[in-house]
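Novice: Counting from 56, one number per residue, gives the positions in the sequence shown under this note's numbering.
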Amino acid sequence: MTRASQIQIIRGDITKQKVDAIVNAANSSLMGGGGVDGAIHRAGGQAILEECKIIIAKQGNCPTGEAVITTAGNLPAKFVIHTVGPVWSGGNSGEPAKLANCYNNSLRLAVENGLQSVAFPNISTGIYGYPKKEAAAIAVKTVSDFLRANAPVKVYFVCFDEENFQLYQSLMN
Ligand code: AR6
Numbered sequence: 056m057t058r059a060s061q062i063q064i065i066r067g068d069i070t071k072q073k074v075d076a077i078v079n080a081a082n083s084s085l086m087g088g089g090g091v092d093g094a095i096h097r098a099g100g101q102a103i104l105e106e107c108k109i110i111i112a113k114q115g116n117c118p119t120g121e122a123v124i125t126t127a128g129n130l131p132a133k134f135v136i137h138t139v140g141p142v143w144s145g146g147n148s149g150e151p152a153k154l155a156n157c158y159n160n161s162l163r164l165a166v167e168n169g170l171q172s173v174a175f176p177n178i179s180t181g182i183y184g185y186p187k188k189e190a191a192a193i194a195v196k197t198v199s200d201f202l203r204a205n206a207p208v209k210v211y212f213v214c215f216d217e218e219n220f221q222l223y224q225s226l227m228n
């Protein structure tokens, strides 16, 4: 069993979270965008973008489902883990596995870097159009499975909208 206290649901803005790492729902260019990505880059400042540029120069674009880590600039968090969620295109293009990869690879990076608290947004459920209910079920299951098998990391699901908040609450109960 995952200890219930290891996962918490929060309604709010992820840029305000004082945790070891917040996760960014980025795109494969890592050059910023709208939604939570835009909010993180605006609040965190230029340092995050500069580190993303170095990563892209080294490895090329970040593939869907993968994750990379940067410092967090002016944010209260210490690091930003940038992951690229799948664009929803009907569900038969491997979207569920790719979304699960985002959560697994982000948590793996957190553990590798010795981080103890990670806040996730509801990856892919905005501009990328993933149905919220299905995305929430994958997020909760993937994170719960990871926590059962790995080091004690505290995970916060930070829900920006009421619909996601309600979905996560009911999944956790
Ligand atoms: N804090 C927490 N969650 C937020 C915040 C915030 N400040 N702002 C929005 N959300 P989205 P995606 C929620 O569109 O669907 C960007 O342009 C939002 O309500 O940010 O993965 C990237 O560059 C939604 O539930 O990300 C990519 O091109 C969730 O964050 C593309 O959007 C994800 O919505 C990625 O699309």
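Glycine included, every Cβ here is placed at the ideal spot set by N, Cα and C.
(1) From ALA98 to LEU164, what does the alpha carbon distance come to, in whole angstroms?
(2) Which residue wins for smallest C-alpha separation from GLU217, given the options SER60, ILE65 and GLN61?
(3) By the DSSP assignment, the alpha helix (DSSP H) with ALA155 in it spans what residues?
(4) Quick check on this structure: which residue in LEU154, PHE212, VAL91 and SER199 has the alpha carbon closest to the alpha carbon of ILE182?
(5) Sorted by chain position, which residues of the same chain lie with C-beta nearer than 6 Å to LEU170's C-beta, five sequence neighbours on each side aside?
(6) Start and end of the beta strand (DSSP E) containing LYS133?
(7) What does DSSP give as the partner residues of VAL208 in its beta bridges?
(8) Who's in the neighbourhood of the ligand AR6, going by beta-carbon under 6 Å from any heavy atom, listed in chain order?
(9) Can you check DSSP and say which residues form a bridge with ASN79?
(10) Between the C-alpha atoms of LEU222 and ALA191, what's the straight-line distance to the nearest angstrom?
(11) Check whether the stretch 97-111 touches the stretch 152-167, taking contact to mean three or more Cβ pairs, one atom from each stretch, closer than 8 Å.
(12) Which residue spans inside the stretch 99-130 form an unbroken alpha helix (DSSP H) run of at least 4?
(13) Cα separation between ASP68 and PRO118?
(14) By how many angstroms is the C-alpha of SER83 removed from the C-alpha of ALA127?
(15) Is the distance from the Cβ of ASN79 to the Cβ of ILE124 below 8 Å?
(16) Just tell me which of VAL173, HIS137 and TYR185 has its CA closest to the CA of ASN219.
(17) Apart from the five residues just before and just after PRO131, which ones in its own chain have a Cβ nearer than 6 Å to its Cβ?
(18) Does VAL198 come out as helix, strand or coil in the three-state DSSP assignment?
Specialist: Walking through what the data contain:
(1) 22 Å
(2) ILE65
(3) 150-167
(4) VAL91
(5) ASP75 and ALA76
(6) Segment: none, LYS133 is in no beta strand (DSSP E) and carries neither H nor E.
(7) Beta-bridge pairing links VAL208 to no other residue.
(8) ASP68, ILE69, THR70, ALA80, ALA81, ASN82, GLY88, GLY89, GLY90, VAL91, ASP92, ALA94, GLY140, PRO176, ASN177, ILE178, SER179, THR180, GLY181, ILE182, TYR183, VAL213, PHE215, ASP216 and ASN219
(9) HIS137
(10) 7 Å
(11) no
(12) 101-114
(13) 26 Å
(14) 18 Å
(15) no
(16) TYR185
(17) LYS73
(18) helix
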